[in-house]
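*Asks:* Just so you know, the protein sequences line up as chains U and E, in that order. In this text, residue positions in the first sequence follow my numbering: the first is 95, and each later residue adds one. In this text, residue positions in the second sequence follow my numbering: the first is 579, and each later residue adds one.
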Amino acid sequence: MKIQCASLSDLMKWPNKNWEILVFLVLVLAPWFQPALAGGLGGQITSVLIICTAALGLNVMVGFTGLLHLGIASFFGLGGLFLAILTVPMNPLEIGFLPAVFVSVSVTAAIGTLLGSPTLRLRGEYLAIVTLGFGEVVRVLFLNLENVTGGTQGLGPIPPPGSGIFVSGIDLGREFVVDSRWFYYLSLIVLFVVVLLVRILEKSALGRAWIAVREEPLAAATIGISATKVRLSAFTIAAAIAGLAGCLSVASIGTTGDPNAFGFNRSVAILCAVIIGGLGSIPGTLVGVTILFGFDIVVIPWVDSWMQRIQGQLFDVSFFTLGSWRLALVGIALIVVMRFRPVGLIPSRRFAAEFQESQQ
Amino acid sequence: MDVASFLEQCGIGITSGGFLGLIAVGYTLVYGTVGLIHFAHGDVVMLGGCLSLAILSFLVPLPVDPLTGCLIVVLAATCSGLFCGCMNVCIDQFVYRPLRNAPPLSPLVSTIGVSFVLMNVGLVWIGPTDRAFPEIFLESTRLIGGVPVAMADFLVLVIIVPPVFCLYILLRQTRFGRSLRSIAAITRATARSGEAGKLVIATFFISGFLGGVASVAAGVHATTINYQMGHQMGLYAITAAVLGGIGSVPGAIVGGLIVGLIRAISVALLGPRWAITSVFLVLIIFLAFRPQGIFGKSKTRGGQR
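In structure tokens:
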């Protein structure tokens, strides 16, 4: 396969270091100039960062290894649930935040491996449906095993990270509760670390094996790559990263919340974000999530509250909210992006080149 | 659980399995011709349910005698079927056709987008809450051979058996059916050529029509509909299609019946909240042993993707 610069990737020299540093600096510095970004809106922006992390995990599976996964949100939920079980005061364990994150990520990864091992010989669509089914099973278990998971109420309150640790007389846990910028930065750091990790993995022998197995399973097998092992590793890593994101998410909210948030809809939304961003492309994934979820959980509530104020002044009643057409707007956006950029907004160079080649 | 109630649950399972099978045929036909999991299909079915709700509430404000009731419901099912068929064709022509050459996962995102849009239309059409399907019959159950048979279940059979029969004739006995099966058997590339274009339109129409008919059966069976109904039934129907071996029409119907039976029995034994869990657990365990489903070919086109 020839990897020459297709006109598409010429147009968007995204993997350009300057851009990345600029975006990162803006994200780091923004809360200092505009505290509201991390404060009032910060909760939502933090969630977008956390979902970006989970989406990177999904990208390992769908983008690099080419396995369709429709249940990523369930691993997100499992990670959060284990963190909650290990830390909430009503359970006897109550271990610290970092060990709890470590344990819950390991357990989530193990569950991913367990689900992966019997199902990896399934073909694409069958595997997709099995992961979909697994996601629904997890959601229903969350709802029904009330004494473990708290049912629809969720499990809480989860003590904030660093509670009980004093740094020069300041309780870190209290700081996390009082100032939401702490979570903003924590999520940003985790996202940054995961981006680095995924990038290193992509360049490593394992990452090249993922791509080899995606492109030509047979050829990969002839040079001694075990497709099953390679796929299983992708499954495990995706589960672990999603679990880590889940830990952050429940810790920042303080409870596991409604299990329906870990269902099929969330999984599919993350998958759509990865695909419209561009499969197998890290900046693409980040942009996809930022656009889709940023629109959904940041822009729509903001526009609605703004419109309510305007309408309140003009007509004294609110006629129309974007919220009630939220689904349709997101749906139309997905259709339009796929219609005009079927390879995604910022495709990886390999993917774009392949697409160009297949068109000729 | 004694024998009588077991039989009753089986009856419920078979009727609900029947319409799940019809929806599953929609998934399987579309997958067979264009190689796409049509996630919006469940929501097309839901909109068909909304239309039939409107028709039935208009025509049957009060319960009527069985014969008139059946006729009216068949009329509603036909209307809803035509509506869904046309809608499906439009969706394909405007949304999926431009993406025939796109990377394999891109049309999938479009189907999800369409699904969101349709769900929103349903939300605006019938509102966020459950809407009751009108009572059609004066008497709700009748004794047939000592077993009480719910008239609603009987009606569901009246609606779904003829389409299944017609589908069988269409696929097995006509030239059209042969070409449809052959295009499913060869490659997806044929779906782009001229003659195949008509077949794709026909496939989407048939799949939508069956879905529309099934939506009426689902409404009569469940007695309520809501805008998330398509999502729920879509999941069950995809499971049925995969269980039967995706791409295989008899597989979809058999898969639908199996899913319906598992669901009904687990509702009776464990309670409704475990229904979806048992269905998916059976699916996962079954696929671990037979990865291609009941009627699926072990090595089909496309290979590993």
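Heads up, the beta-carbon is just placed ideally off N, CA and C, and yes, glycines get one too.
Along the alpha helix (DSSP H) that carries Met432 of chain U, what are the first and last residues, could you check?
*Replies:* Residues Arg420 to Phe434.
*Asks:* In the DSSP assignment, find the alpha helix (DSSP H) that holds Arg750 of chain E and state where it starts and stops.
*Replies:* From DSSP, the alpha helix (DSSP H) with Arg750 of chain E extends over Met729 to Gln751.
*Asks:* If we cut at 8 Å on Cβ distances, does Phe858 of chain E have a partner in chain U?
*Replies:* Closer than 8 Å to some Cβ of chain U, the Cβ of Phe858 of chain E qualifies, so yes.
*Asks:* Quick one: does Leu847 of chain E have its CB under 8 Å from some CB of chain U?
*Replies:* Taking Cβ atoms only, chain U never reaches closer than 8 Å to Leu847 of chain E, which makes this a no.
*Asks:* My assumption, with CB atoms under 8 Å, is that Val622 of chain E sits in contact with Met665 of chain E. Please give the rounded CB distance.
*Replies:* Going by Cβ atoms, the distance from Val622 of chain E to Met665 of chain E rounds to 6 Å, so yes, they are a contact pair.
*Asks:* Please report how far the alpha carbon of Arg879 of chain E lies from the alpha carbon of Thr781 of chain E, in whole angstroms.
*Replies:* With a pLDDT of only 43 at Arg879 of chain E, under the threshold of 50, the placement of this residue in the model should not be trusted, and no figure is reported.
*Asks:* Taking a Cβ distance cut-off of 7 Å, strictly less, list which residues of the region 425-445 of chain U are near chain C, in chain order.
*Replies:* Of the protein chains in this structure, namely U and E, none is chain C.
*Asks:* Compare the C-beta of Ala602 of chain E against all C-beta atoms of chain U and say whether one is closer than 8 Å.
*Replies:* With 8 Å as the cut-off, Ala602 of chain E does not count as an interface residue toward chain U.
*Asks:* The alpha helix (DSSP H) spanning Arg444 of chain U covers which residue range?
*Replies:* Segment Arg443 to Gln453, the alpha helix (DSSP H) holding Arg444 of chain U.
*Asks:* From U:Arg217, U:Gln402, U:Arg443 and U:Ile370, pick the residue whose C-alpha is nearest to that of Ala149 of chain U; which is it?
*Replies:* Considering only alpha carbons, the answer is U:Ile370.
*Asks:* So which residues of chain E does Thr213 of chain U contact, with C-beta pairs closer than 9 Å?
*Replies:* Per Cβ cutoff of 9 Å: Ile862, Leu865, Ala866 and Pro869.
*Asks:* Taking 8 Å as the CB-CB cut-off, is Phe694 of chain E touching chain U?
*Replies:* Yes, Phe694 of chain E counts as interfacial toward chain U.
*Asks:* What's the call for Met184 of chain U, buried or exposed, on a 16-neighbour Cβ count within 10 Å?
*Replies:* The residue is exposed, with fewer than 16 neighbouring Cβ atoms inside 10 Å.
*Asks:* With DSSP as the reference, label Asp580 of chain E as helix, strand or coil.
*Replies:* Coil at Asp580 of chain E, not helix or strand.
*Asks:* In whole angstroms, what is the alpha-carbon distance linking Ser346 of chain U and Phe584 of chain E?
*Replies:* Whole-angstrom Cα-Cα distance: 48 Å.
*Asks:* Can you give the Cα-Cα distance for Leu649 of chain E and Pro741 of chain E, rounded to whole angstroms?
*Replies:* Near 15 Å, if we compare the C-alpha coordinates of Pro741 of chain E and Leu649 of chain E.
*Asks:* For the region 585-655 of chain E, list the alpha helix (DSSP H) runs that are entirely contained and at least 4 residues long, ordered along the chain.
*Replies:* Entirely contained in the region 585-655 of chain E, the alpha helix (DSSP H) runs reaching 4 residues are, in chain order, 619-637.
*Asks:* Starting from Ala367 of chain U, trace the alpha helix (DSSP H) both ways and give me its first and last residue.
*Replies:* That run of the alpha helix (DSSP H) goes Phe358 to Gly371.
*Asks:* Any contact of the region 638-657 of chain E with the region 846-863 of chain E, i.e. 3+ C-beta pairs under 8 Å?
*Replies:* Touching, no.
*Asks:* With 7 Å as the limit, tell me which residues of the region 652-682 of chain E have their beta carbon closer than that to any beta carbon of chain U; keep them in chain order.
*Replies:* Result list: Val673, Pro676, Leu677, Asn679, Ala680 and Pro681.
*Asks:* Residues in the same chain with beta-carbon distance under 6 Å from Asp670 of chain E, minus the five sequence neighbours each way, listed in chain order, please.
*Replies:* Excluding positions up to five away in sequence, the list reads Phe782.
*Asks:* Hey, would you say the C-beta of Leu865 of chain E is under 7 Å away from at least one heavy atom of the ligand SAM?
*Replies:* No copy of the ligand SAM appears in this structure; indeed no ligand is present at all.
*Asks:* Just checking, does the region 440-449 of chain U make contact with the region 376-386 of chain U on the three C-beta pairs under 8 Å criterion?
*Replies:* Touching, yes, given that three or more Cβ pairs across the two stretches are closer than 8 Å.
*Asks:* Within 8 Å (strictly less), CB to CB, does Gly248 of chain U reach chain E?
*Replies:* It does not: the Cβ of Gly248 of chain U has no partner Cβ on chain E nearer than 8 Å.
*Asks:* Does Gly691 of chain E get closer than 8 Å to chain U when you measure Cβ to Cβ?
*Replies:* Judged by the 8 Å Cβ criterion, Gly691 of chain E is in contact with chain U.
*Asks:* What are the boundary residues of the alpha helix (DSSP H) that Lys323 of chain U is part of?
*Replies:* Counting along the chain, the alpha helix (DSSP H) containing Lys323 of chain U begins and ends at Ala321 to Ile347.
*Asks:* For the alpha helix (DSSP H) containing Asn241 of chain U, name the first residue and the last one.
*Replies:* Start and end: Glu240 to Thr243.
*Asks:* Between Cys662 of chain E and the rest of its own chain, which residues show a CB-CB distance below 6 Å, the 5 nearest in sequence each way excluded?
*Replies:* The residues are Val622, Gly626, Gly786, Gly789 and Gly790.
*Asks:* Interface residues of chain U around Asn804 of chain E at Cβ under 9 Å?
*Replies:* Here the premise fails: no neighbours, minimum Cβ distance about 14 Å.
*Asks:* Taking C-beta pairs closer than 9 Å, name the residues in chain E that Leu235 of chain U reaches, listed in chain order.
*Replies:* By Cβ distance, chain E contributes Thr855.
*Asks:* At a Cβ threshold of 8 Å, is Gln450 of chain U touching chain E?
*Replies:* No, Gln450 of chain U lies away from the interface with chain E (no Cβ there is under 8 Å from its Cβ).
*Asks:* Compute the Euclidean distance between the alpha carbons of Ser274 of chain U and Ile144 of chain U, then round it to the nearest angstrom.
*Replies:* One C-alpha to the other measures close to 14 Å.
*Asks:* Measuring CB atoms only, is the region 820-828 of chain E touching the region 680-693 of chain E, in the sense that at least three cross pairs come out at less than 8 Å?
*Replies:* Output reads no: the region 680-693 of chain E does not touch the region 820-828 of chain E.
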